[in-house]
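Asker: In the working numbering, the protein residues as written are 9 to 268.
Cβ atoms here follow ideal geometry from the backbone N, Cα and C, with glycine treated the same way.
Treat the numbers as computed from the prediction; the structure is a model and nothing was measured.
Dropping the structure in here first, questions after.
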Ligand SMILES: NS(=O)(=O)c1c(F)cccc1F
Ligand SMILES: [Zn+2]
């Protein structure tokens, strides 16, 4: 099947061969230039309601580490801001760099961060399934949060402490009762623009909401992500999972709006 990755042969610069939309008009990530973003007075605040969210498991899909949620009802949603409906939380995952290397997907005035957290939500008001929503122009809303290195993050340990259980591609383990609210920064000020998935199939179905305030995590915590592998347990090649980020794509005339 379509094998893609982040290496020299199968990395972002070759994805267009199997996924021609890679050269489309609303691809992500992008470089955000704050003073070119238009401040939109009628852009209201973002509201996240993760209180009764139900994380199910954590897994290594060979591209990132993913925490999946029960999305059978509207208990964990994001709404407001640029969104016309509440969008249901489906999963979150991360992108990160190598040692000291940049690792975020979006950049701000050309500057990258050490990592980027993506909380993926889907429009269950308009679409019946996540799959259907993932191909619709207003199907997904992804909340992006930058991670910068600094102090230990008091709650990220909940995730880094179990990463050893999902070291290999295809591994999965229970991960219940985790509320991603604890990963949000204090300010919910954001930039928003219309874009795409940043991994194949690169569907142009994402309303991006990028928080301006990064969260701090320690170099040690970030290092734990780098002990994950892209490869399966029985694979004699041990490829460390790092630099799993797509670089910024052409803005193609899109407008980035700022909450304020
Ligand atoms: N990176 S991303 O947030 O665009 C993303 C999604 F939204 C959905 C699935 C995979 C994925 F990687
Ligand atoms: Zn992502």
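1) Where residue 50 and residue 121 are concerned, what is the direct C-alpha to C-alpha distance, given to the nearest angstrom?
2) I'd like to confirm something about residue 97: is its beta-carbon nearer than 7 angstroms to some heavy atom of ligand 1, or not?
3) For residue 214, verify whether its CB is less than 7 angstroms away from any heavy atom of ligand 1.
4) Within 10 Å of its beta-carbon, does residue 73 have 16 or more other beta-carbons around it, so buried, or fewer, so exposed?
5) Could you tell me whether the Cβ atoms of residue 34 and residue 262 are closer together than 8 angstroms?
6) In whole angstroms, what separates the C-alpha of residue 97 from that of residue 130?
7) Applying the criterion that 16 or more other CB atoms from any shown protein chain within 10 Å of the CB defines a buried residue, is residue 190 buried or exposed?
8) Taking only the alpha-carbon atoms, compute the straight-line gap between residue 125 and residue 231 and give it to the nearest angstrom.
9) Pull up the CB-CB distance for residue 135 and residue 144, whole angstroms please, since I reckon it's below 8 angstroms.
10) If you compare alpha carbons, which of 209, 176, 208 and 215 is closest to residue 245?
11) Just to be sure I understand the criterion: a residue counts if its Cβ is closer than 6 angstroms to at least one heavy atom of ligand 2. Which residues meet that?
12) Does the beta-carbon of residue 171, which I'm using as the reference point, lie nearer than 7 angstroms to any heavy atom of ligand 1?
13) Pull up the CB-CB distance for residue 127 and residue 91, whole angstroms please, since I reckon it's below 8 angstroms.
14) Which residues share a DSSP beta bridge with residue 149?
15) Near residue 37, what residues of its chain come up, given a Cβ to Cβ distance below 7 angstroms and the 5 sequence neighbours on each side ignored?
16) Here's the rule: buried if 16 or more other CB atoms are within 10 angstroms of the residue's CB, otherwise exposed. What is residue 211?
17) To the nearest angstrom, report how far apart residue 58 and residue 204 are at their CA atoms.
18) Apply the 10 Å Cβ neighbour rule to residue 117 and answer buried if 16 or more other Cβ atoms are within range, or exposed otherwise.
19) Shortest alpha-carbon distance to residue 76 belongs to which of 55, 32, 42 and 65?
Answerer: Taking the structure as given:
1) 29 angstroms
2) no
3) yes
4) buried
5) yes
6) 7 angstroms
7) exposed
8) 15 angstroms
9) 6 angstroms
10) 176
11) 101, 103, 126 and 206
12) no
13) Not a contact, Cβ separation roughly 13 angstroms.
14) 129 and 215
15) 113, 114, 206, 254, 256 and 257
16) buried
17) 24 angstroms
18) exposed
19) 65
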